[in-house]
Every structure is written in structure tokens, then in C-alpha cells.
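Take a look at the structure set out below.
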Amino acid sequence: MEKNKTQVIVAGGGPAGLACAITIARAGKEVVLIERGKYCGSKNVFGGAIYAQPTREIFPNFEKEAPIERQNIEHKFVLLGKEDSTVISYRNKPDSPVSYSVTRGKFDRWMAEEAQKAGVTVVEETVVRELIMKDDTVIGVRTELEEYYSDIVVLADGVNSLLAIQAGLRSKLEKEDVALSVKEVIKLPSEKINERFNVNGDEGCIYQIFGGSMLAMAGLGFMYTNKDSVTIGLGVTLSDLVNKGLRPYDLLDGLKNHPKIRPLIQDGELIEYSAHLIPEGGYKKIPKLYGNGVMICGDSAGLVNNMHWEGTNLAMVSGKLAGETAITALSKQDFSEKTLSFYGKKLNESFIMKDLKTYRNLMSTVEARAQDFLGYYPQKINEFFKMFTSVDSIPKRKKYHGFIKSYFTDRKFFEPFKDLICAIKLLWSILIK
Amino acid sequence: MSSLEDKLFTTKFNPDSKSHLYPAQECCRICKSKICTIICPAGVYEWDGTKLIVNFENCLECGACKIACEHCSLGWEYPRGNKGVTYKNG
Chain V
208 MEKNKTQVIV
218 AGGGPAGLAC
228 AITIARAGKE
238 VVLIERGKYC
248 GSKNVFGGAI
258 YAQPTREIFP
268 NFEKEAPIER
278 QNIEHKFVLL
288 GKEDSTVISY
298 RNKPDSPVSY
308 SVTRGKFDRW
318 MAEEAQKAGV
328 TVVEETVVRE
338 LIMKDDTVIG
348 VRTELEEYYS
358 DIVVLADGVN
368 SLLAIQAGLR
378 SKLEKEDVAL
388 SVKEVIKLPS
398 EKINERFNVN
408 GDEGCIYQIF
418 GGSMLAMAGL
428 GFMYTNKDSV
438 TIGLGVTLSD
448 LVNKGLRPYD
458 LLDGLKNHPK
468 IRPLIQDGEL
478 IEYSAHLIPE
488 GGYKKIPKLY
498 GNGVMICGDS
508 AGLVNNMHWE
518 GTNLAMVSGK
528 LAGETAITAL
538 SKQDFSEKTL
548 SFYGKKLNES
558 FIMKDLKTYR
568 NLMSTVEARA
578 QDFLGYYPQK
588 INEFFKMFTS
598 VDSIPKRKKY
608 HGFIKSYFTD
618 RKFFEPFKDL
628 ICAIKLLWSI
638 LIK
Chain S
-12 MSSLEDKLFT
-2 TKFNPDSKSH
8 LYPAQECCRI
18 CKSKICTIIC
28 PAGVYEWDGT
38 KLIVNFENCL
48 ECGACKIACE
58 HCSLGWEYPR
68 GNKGVTYKNG
């Protein structure tokens, strides 16, 4: 037996790594999870909601036991013009909740405690610096202090995954393939949150925000309600920030200052500012997900469905599938790429790859027509409602005609047709093939 | 509206004694955009006219600078275990 040898090493204590480690430990196998932060969750940032069904798959009783902030009952889709706004809102309190707001700092820490109870050895405050390779097989990891060996290494080290790049499983990230997200957590009394967001008790509300300070950019804003704080943030494709030379926190301040948003957070106290990258390359940029002795899960593998704001669920389910594959490999004592390819197969059969494939053309289309889809239209829709609600003794038919005419004269003549063709192509790729 | 300084004041840091960010200064000198000084969400990078100043103790560890770097010349690694940013909420 080599020194420091275990069956599985998981690099990274986020949703993917923890789901993977706990799956393996529950099968009675040895697993060591290495986390670089002070505790699991301390380096992690997300918008704000975890999804109930996939979380239950791994933690059946989490709704009773985990530190949850609020149960989301309302989704608001907010189109911000420069000053005005249009909101579409869906509200329902289903018997079986869809999502809960949580904070990573508390929730991931809880998951890590559960993992420990299940038998996972959690090593915190330790950075995995390198993978140890023997020929073309990953056989362990090198931290700052020592070397750990294992039959399988699972990479769940997050969006930057230096380890996946080093192992040659992934190429370097490009500016187009990540969104830079900044967010603020703003403290407010829970009664005030309930009043401002029109919810009761532990009910919560999600804002998905288009336009405003992000007009014409491939960027989206978000708000989530916690027990006694509100999260507000935005993510903009890094290439847009670079090309336009914009500071992300200026955009966030712009969003916070919008007349629709400002009253929701006013008099609140900023309690935490954070930043993180979101992998947005989608299906076309999925790296090689397994090799000899190694698998990649979650953000490290770029598993994010940005259309539906899903990331943690893809992370947890991919972690679970990698864990199941590791258990099979351990029982066969075969850690070759061929055996670990079951992980790829399981992913392909799951909603994860199916959804990513469905939206494979989304980001490239949106980025190519951000000026139109995320610039012109949010403003034009607001303009429509401005026209529709105005009372000024001008005959309605004249106003309608003026609005329709403006649609064809605001931009170059052929732009509406380009929009239409793009939208049809995109819808075709989403709905048909 | 809170300044960047106010924002960063709310984030908990345990700075390392040495930087985990290593710009290749000779590339910075010829770099036209100095884009890191703009897109960094923590304002870590400042150009003082002759060299790039790296306020690594404010780094939020997002990784945007290394991807945005025009010359791909920014050495970037994670701070040592337990060092750097600690998010209480996240």
C-alpha cells in the first residue's frame, strides 16, 4: 500500500464534488474530498436558488434539515428600458416546491457535514496544485504539502478548473465562453422583504432581469430573496465587458439604480460583495469528460444551462453520476478510460446533455444579435406599453400605425427579417433538431 | 451608491503574504488595452505609468483577468489553502 492512498479523491467541495463524494461514501468506498477554502462553500458563489427535485435525489431530507432561506413561489421576468420597465410574473405555490433560495456559505457547509457523516474524509484549507500522472493515467494529486494517491480522481474544482486544463482534458477558457458575474447581498428586515416582494412568511421571489444597464449586451441580472437579505447581481459575457471596456460593478450599480429596482433594496445594508465566472460555452464547449483514472463534473466541465438558470442541479447530478461510475469501476478494479466512459454515457442519457444539446445554438445566436435581442427589443416592448397606456387624445389607430412603422424604421430595413430568421433557426434547433 | 472600496470592505479576506497573480511586466508595458485594470471586479490591477500594480489582497478569485489578458501573459493560480477570499454568503 502506497502512502496516502485512497480509492477516490475529489478535488473541490462544491455541489458537484460533494454530491460525488457522498454517493461514493454511501456505497462503503473510501473517498477523500479536498477543498481549498476555509470550509466547503467559502469560495463558492451563485445566484441564489437550488432546485428541490435534484437536491432530494442526493439529500432526501434536505428540506427539513438543511439551512434554507426561502421557498420560491414567484418568478418575475423583468424587461428594463433605460428608465421604464415591463414585468411578466408567474406565481404559484405548488405542493412540491421547485426551488429554494440558499446561501452557498451555509448550504455547502451543511452538505459537507452530511458527507462527513456518510464517511467522506473532508480535507479543507488545502489546494490541489497538480495531478500526478503515470503515463497517460491520473494516479493522484499533489497539494502544497504532500501527495495523495487514488484509483480515481474526480475534478470538481470549478469553472476555472486549472486541473482539467493541466490534464489536457480541456482547453483554456475564451472570453466568449464565460460570463463575469458580480453580486451583492443586501441586508433588509424580513418584514420589509415580504412587503416589497409581496410574499408571506418564508415565501420567496426570483427576479430575472433583461436590459437596463446591460442593454445590448449578452448579460442578465438576477435578484433572490433570503430570510433577511436580498441578493442582487448580474452576469455579462466577458467578451462584451472587454470589447466595451466596462467595469462590472458599474453595471451592477446601474442596475441597482434603475427606478424599477431601487425601491426594492433602498435603505438596505450591503453585507457582502462577490464575483465569480459562469461557464457559458454550452454544449459545443463541453470538454473531454473522462480519461484514464479521471472524471470531470459540474462547472469544471462547463455544465450550465444558462437559458433556465440551472447550474447547481447539473453539478449535483453530474457528481452523482460520476460517483456511481466510480463505484462500478471500483468493483471491477478497472479505472481505464473505457470503464469511466460509463460516466459520459450516463450524462448523455440524462437531462444534462439533452438540455445542453437543445440549447447548443443559444449563446452564439444571442451574442451575435445581443444588440437586437437584448438591446432593441427590451426597449421596444417597453415602448409598446408606453404607447398602449398613454392617454393623449391621439387616435389609437394612428398610434398603432406609428408604432408598426417605427419597428421597420428604427433600425436598418432588413434587421427585423434577420431577427425573424435567427429566431426561427434558434427555435428549430431547440424544438425540432 | 457604494464605491468599490465600500463593496470590498464587506468581503472577508485573509490575504497571503505573497501574490498569487504574476503579470509579465514586459508584456504589460506594451499592452494597449490594459484590460485587467478595467474588467477586474475588485480593481486589483492599477497601471502606475511604468508598471502594473497588483493589489492581490483584494482578489475575489474569479479568474476573469487571466482570460481577458490580451497577451495571455498573466500567471494566475489559487492562493494557498485558507488564504484569500472567504465568502460567508456566496
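Respectively, the protein sequence lines represent chains V and S.
Counted the way the working numbering counts, the first sequence spans residues 208 to 640.
Counted the way the working numbering counts, the second sequence spans residues -12 to 77.
Where a beta carbon is used, it is the ideal one built from N, C-alpha and C, also for glycine.
This structure is a prediction, so every number in the text was calculated from the model and none was measured.
- Between the alpha carbons of E48 of chain S and P304 of chain V lies a gap of roughly 33 Å.
- Here F615 of chain V is exposed: its Cβ has fewer than 16 other Cβ atoms, across all protein chains shown, within 10 Å.
- For the pair E281 of chain V and Y307 of chain V, the CB atoms are not nearer than the 8 Å cut-off.
- According to DSSP, S388 of chain V shares a beta bridge with V:G442, V:H483.
- Cβ contact annotation for A325 of chain V (same chain, cutoff 7 Å, sequence separation greater than five): I229, A232, R233, in chain order.
- Closer than 8 Å to the CB of T444 of chain V there is not a single CB belonging to chain S.
- When only Cα atoms are considered, E410 of chain V and A522 of chain V end up about 25 Å apart.
- In terms of Cα proximity to R311 of chain V, the closest of V:G488, V:A223, V:A425, V:G475 is V:A223.
- For G347 of chain V, the enclosing beta strand (DSSP E) starts and ends at 344 to 350.
- Interface criterion not met: the Cβ of E44 of chain S is under 8 Å from no Cβ in chain V.
- Taking the CA atoms as reference points, K612 of chain V sits about 11 Å from R618 of chain V.
- Using a Cβ-Cβ cut-off of 8 Å, R16 of chain S does not count as an interface residue toward chain V, since no Cβ of chain V sits closer than that to its own.
- As the crow flies, the alpha-carbon of M424 of chain V is around 45 Å from that of T535 of chain V.
- Counting along the chain, R67 of chain S sits inside no alpha helix (DSSP H), nor does DSSP assign it H or E at all.
- Distance from I478 of chain V to V437 of chain V at the Cβ level is roughly 10 Å; contact not present, criterion being Cβ atoms closer than 8 Å.
- Cβ neighbours of T344 of chain V within its own chain (closer than 6 Å, five residues either side excluded): N499, G500.
- With the rule of 3 Cβ pairs closer than 8 Å, the segment 344 to 363 of chain V does not count as touching the segment 425 to 432 of chain V.
- Contact annotation, V360 of chain V with G347 of chain V: C-beta distance approximately 7 Å; criterion of less than 8 Å satisfied.
- At a Cβ-Cβ threshold of 8 Å, G526 of chain V and A363 of chain V count as neighbours.
- Cβ contact annotation for P396 of chain V (same chain, cutoff 7 Å, sequence separation greater than five): D435, in chain order.
- Shown here, V334 of chain V sits in coil according to DSSP, grouped into three states, outside any helix or strand.
- Under DSSP, G254 of chain V forms no beta bridge with any residue.
- Between the alpha carbons of V41 of chain S and E270 of chain V lies a gap of roughly 44 Å.
- Scanning its chain for C-beta atoms nearer than 6 Å, with the 5 sequence neighbours on each side dropped, one finds around D506 of chain V the residues G365, V366, P486, in chain order.
- Per DSSP, reduced to three states, the secondary structure at T37 of chain S is coil, with no helix or strand assignment.
- Residues of the segment 233 to 248 of chain V with a C-beta atom less than 7 Å from some C-beta of chain S are R243, G244, K245, G248, listed in chain order.
- Within 10 angstroms of the beta-carbon of Q278 of chain V lie 16 or more other beta-carbons, which makes it buried.
- Pairing L240 of chain V with V330 of chain V gives a Cβ-Cβ distance under 8 Å.
- About 5 Å separates the CB atoms of G77 of chain S and V252 of chain V; that is less than 8 Å, so the two are in contact.
- Here V294 of chain V is exposed, its C-beta having fewer than 16 other C-beta atoms within 10 Å.
- Residue pairing for T532 of chain V: DSSP places it in no beta bridge.
- For the pair L445 of chain V and D384 of chain V, the Cα-to-Cα distance works out to about 8 Å.
- Sequence-ordered contacts of the segment 361 to 385 of chain V with chain S read V366, N367, L369, K379, L380, E381, K382, V385 [C-beta pairs closer than 8 Å].
- With at least 16 other beta carbons inside 10 angstroms of its own, L448 of chain V counts as buried.
- Taking the CA atoms as reference points, A529 of chain V sits about 44 Å from I588 of chain V.
- A Cβ-Cβ distance of about 6 Å is found for the pair L458 of chain V and M421 of chain V, placing them in contact under the 8 Å criterion.
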